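Worksheet: the structure to be examined is printed underneath.
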Amino acid sequence: MQNPFLTAEWRRLLMLNYAIESDVLLPYLPAGVELDWWNDTCYVSLVGFRFVDTKVMGMGFPGHRNFPEINLRFYVRYLDPELGWKRGVVFLRELVPVPTITWVANTLYRERYKTVPMQYRWEESKDQLEVEYSWKQQRRQHLFSCTATAEAFDMPPGCEAEFITEHYWGYARWDAQRTMEYAVEHPRWQTYTVQDVNCAVDFGAAYGAEFAFLNGLAPKSVFLAEGSEIAVGKGHFIR
12 MQNPFLTAEW
22 RRLLMLNYAI
32 ESDVLLPYLP
42 AGVELDWWND
52 TCYVSLVGFR
62 FVDTKVMGMG
72 FPGHRNFPEI
82 NLRFYVRYLD
92 PELGWKRGVV
102 FLRELVPVPT
112 ITWVANTLYR
122 ERYKTVPMQY
132 RWEESKDQLE
142 VEYSWKQQRR
152 QHLFSCTATA
162 EAFDMPPGCE
172 AEFITEHYWG
182 YARWDAQRTM
192 EYAVEHPRWQ
202 TYTVQDVNCA
212 VDFGAAYGAE
222 FAFLNGLAPK
232 SVFLAEGSEI
242 AVGKGHFIR
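Next comes the structure, spelled out in structure tokens:
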């Protein structure tokens, strides 16, 4: 990508994927895009990962280079008149511990970032990897974690993990008529074999009453990806 807006590494992406009714997401769908499905399943994903060596327009800023992010997202596609179908994501909420990142993303991309106290934990041994992401919001502590094998492997083509991880466009509602699009570039990720997962998130308190039903659901799938260097392009309107 030439002249990206942001570069970084995204590392150890823990993704809890919930199968839900599509009607829940329709009010959040930006203009011009449609829901994307995996084997007739509509997914919303809780994702935690860590930004490493973050730079904006090629410049790194003290206190803003290494930090975790947690987001709740769903999957869409857009029919580009010139390039055909593009597969992307829409974020329902993105949490980071650094207010400057929140301001930049919400101002320039009309994303839904919020600044909250956050922590992460990575513990490695010869045979096992433990990954945990947590945050505090309205005096509540929320966390999710997994235990996985220590060795990552290549994803087979056409698998569910590929659908969840291989989305290279972001879409955000600017207003009722306009939608912001931006490109995300990264190589294909390796994934670990998840052995155990724990989720102690109050979705209703964190994301609103319309998502409280997730408290009673087990994730349909859980993936842990190693991640890579990434680049995020400048945003533009698709309509």
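Just so it is clear: in the sequence shown, position 125 is 136 by my numbering, and no numbers are missing. Glycine residues also receive a C-beta, built at the ideal position from the N, C-alpha and C atoms. On a predicted model such as this, the values are computed, not experimentally measured, just so you know.
#1: Going by DSSP, which residues form a beta bridge with Ser145?
#2: Give the secondary structure of Phe72 by DSSP, where H, G and I count as helix, E and B as strand, and everything else as coil.
#3: By Cβ distance, which residues of its chain are closer than 6 Å to Thr176, with the 5 residues on each side in sequence left out?
#4: In terms of residues, what are the limits of the alpha helix (DSSP H) holding Gly215?
#5: Going by alpha carbons, who is nearest to Glu240 out of Gln13, Asn14, Trp21, Arg151?
#6: Quick one: residues in its chain with C-beta nearer than 6 Å to the C-beta of Val101, no 5 flanking neighbours on either side, listed in chain order?
#7: Using the beta-carbon count (16 or more within 10 Å), is Leu27 buried or exposed?
#8: Can you name the residues that DSSP bridges to Ala242?
#9: Near His197, what residues of its chain come up, given a Cβ to Cβ distance below 6 Å and the 5 sequence neighbours on each side ignored?
#10: Apart from the five residues on each side of it in sequence, which residues of its chain come closer than 7 Å, Cβ to Cβ, to Ser232?
Looking at the coordinates:
#1: Gln130, Leu154
#2: coil
#3: Trp200, Ala236
#4: 214–218
#5: Trp21
#6: Phe85, Val87, Tyr182
#7: buried
#8: Thr18, Glu196
#9: Ser239, Ile241
#10: Asn28, Glu171
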